[in-house]
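Input: a single structure, listed below in structure tokens.
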Amino acid sequence: MYQILTDSECDLPLATLKDSNVDAICFHTKIGAEDIYNDFGQSYDIEEFYQKIQKGIMPTTTQVNIGEYLEFFKPYVEKKMPIVYIGFSGGLSGSLASAKQARDILLESFPEATIEIVDTAAASGGQGLLVLQAIRLQKAGKSLQELIMWFTDNKLRLQQWFTVDNLNYLYHGGRISHTSAALGTLLKVKPILEVDTNGKLRVVEKTRTRKKSLLDLANKITPAIQNDIDQPIIITTSGDYDAAKVVKDKIQESIPEADIQIYPIGMTISSHTGFGCVAVFAMGSDNRQ
8 MYQILTDSEC
18 DLPLATLKDS
28 NVDAICFHTK
38 IGAEDIYNDF
48 GQSYDIEEFY
58 QKIQKGIMPT
68 TTQVNIGEYL
78 EFFKPYVEKK
88 MPIVYIGFSG
98 GLSGSLASAK
108 QARDILLESF
118 PEATIEIVDT
128 AAASGGQGLL
138 VLQAIRLQKA
148 GKSLQELIMW
158 FTDNKLRLQQ
168 WFTVDNLNYL
178 YHGGRISHTS
188 AALGTLLKVK
198 PILEVDTNGK
208 LRVVEKTRTR
218 KKSLLDLANK
228 ITPAIQNDID
238 QPIIITTSGD
248 YDAAKVVKDK
258 IQESIPEADI
268 QIYPIGMTIS
278 SHTGFGCVAV
288 FAMGSDNRQ
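Residue numbers (my numbering): 8 to 296.
What follows is the structure, given as structure tokens:
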């Protein structure tokens, strides 16, 4: 037996994780001097957070530190329970590097411990889909090494597409230049982004209207869904549920039976996208390039 671990950036409902005995470490965000834990809404209302960023408030984020990961991993290591941490993209956060350092420290004291760390090269519901796959593999009786092999062979099949409604947050997060943000805002540009094979965001297209950007998300993900219409599909949004439903409805025009869930984006990612980000995730047949 082994323990599946993840973090709050997977954007799955807390009940889903608890039902499958998956534990998650919480990322945190700051608004001014207020330190907010992204604990799946247990201590802070995500809708209140969306209201603040919709007004233009710019939160700050910090990576989860080594000490936090040590506290997270150690109880399982002390019980001699093998663990696998399925983490937020190392290309988007230094938290994964902290997790690896915590593992190395623990192995000095517990050399027989099994501590596997998976860089999902994914964010939000994409990471969530990979966590769900880990749960399915475990329930199917797959060993930890079989699970790791599945991730090695398949994680880059994940298709993940995003659009944002406010370019200033991408600029403040260092994702685009000030000139691009200013010009794009003036021209009402809505970018289409994906996560590359290194787990970093990149702009792949630019559209001129919000509605078209949402339809583009649906059109880009539909081929992946058609490859496996029984798979779960996740759409996430930082507060614009109507926009998320536009994407869902467009997908279901082509694939009425598609199993699509809409979830809120956590505070860490929302801090870098602003209000109104919409993202869609599914497993494709081929690795993304």
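The beta carbon of each residue, even a glycine, is placed where N, CA and C say it ideally should be.
Open item on the list: So for Glu54, helix, strand or coil by DSSP?
Closed with: Within the sequence shown, the letter at position 47 stands for residue 54. Three-state DSSP puts Glu54 in a helix.
- [ ] Below 8 Å on the Cβ atoms is my guess for Ala286 versus Ile258; work out the distance and round it to an integer in Å.
- [x] For this step, residue 286 is matched to residue 279 along the sequence shown. For this step, residue 258 is matched to residue 251 along the sequence shown. Incorrect: roughly 13 Å between the Cβ atoms, too far for contact.
Open item on the list: Tell me the DSSP secondary structure of Ile301 in three-state form.
Closed with: Given that the chain is displayed from residue 8 to residue 296, the structure contains no residue 301 and the question cannot be resolved.
Task: Where Cys284 falls, given that 16 or more other Cβ within 10 Å makes a residue buried - done: Translated into the one-based positions of the sequence shown, residue 284 becomes position 277. With 16 or more Cβ atoms within 10 Å of its Cβ, Cys284 is classed as buried.
Task: C-beta atoms of Gln134 and Asp18 nearer than 9 Å - done: The sequence position of residue 134 within the sequence shown is 127, counting from 1. The sequence position of residue 18 within the sequence shown is 11, counting from 1. The answer is yes: Cβ separation under 9 Å.
- [ ] Determine the DSSP secondary structure at Ile241, reduced to helix, strand or coil.
- [x] By one-based count along the sequence shown, residue 241 stands at place 234. The answer is strand: DSSP assigns Ile241 an E or B state.
TODO: Kindly give me the distance between the Cβ atoms of Thr127 and Gly94, rounded to whole angstroms, as I take these residues to be in contact under 8 Å.
DONE: Numbered from 1 along the sequence shown, position 120 holds the residue referred to as residue 127. Numbered from 1 along the sequence shown, position 87 holds the residue referred to as residue 94. With 8 Å as the limit, Thr127 and Gly94 qualify as a contact, their Cβ atoms being about 6 Å apart.
Open item on the list: Determine whether the beta carbon atoms of Ala106 and Tyr76 lie at a separation below 9 Å.
Closed with: Mapped onto the sequence shown, residue 106 falls at position 99. Mapped onto the sequence shown, residue 76 falls at position 69. Against a cut-off of 9 Å, the Cβ pair of Tyr76 and Ala106 comes out as a contact.
- [ ] Could you tell me if Pro198 is buried or exposed, where buried requires 16 or more neighbouring beta carbons within 10 angstroms of its beta carbon?
- [x] To locate residue 198, count along the sequence shown from 1; it is residue 191. Buried, by the Cβ-count rule.
Task: Those runs of the beta strand (DSSP E) which lie wholly inside the segment 50-133 and span at least 3 residues - done: 67-69, 90-94 and 122-126
- [ ] Give a yes or no on whether the C-beta atoms belonging to Phe288 and Gly132 are separated by under 9 Å.
- [x] Against the sequence shown, residue 288 aligns to sequence position 281. Against the sequence shown, residue 132 aligns to sequence position 125. Going by C-beta atoms, Phe288 is nearer than 9 Å to Gly132.
Task: Pick from Gly206, Val202 and Phe169 that is closest to Thr214, judged by C-alpha positions - done: By 1-based counting over the sequence shown, the position of residue 214 is 207. The shortest C-alpha separation from Thr214 is found at Phe169.
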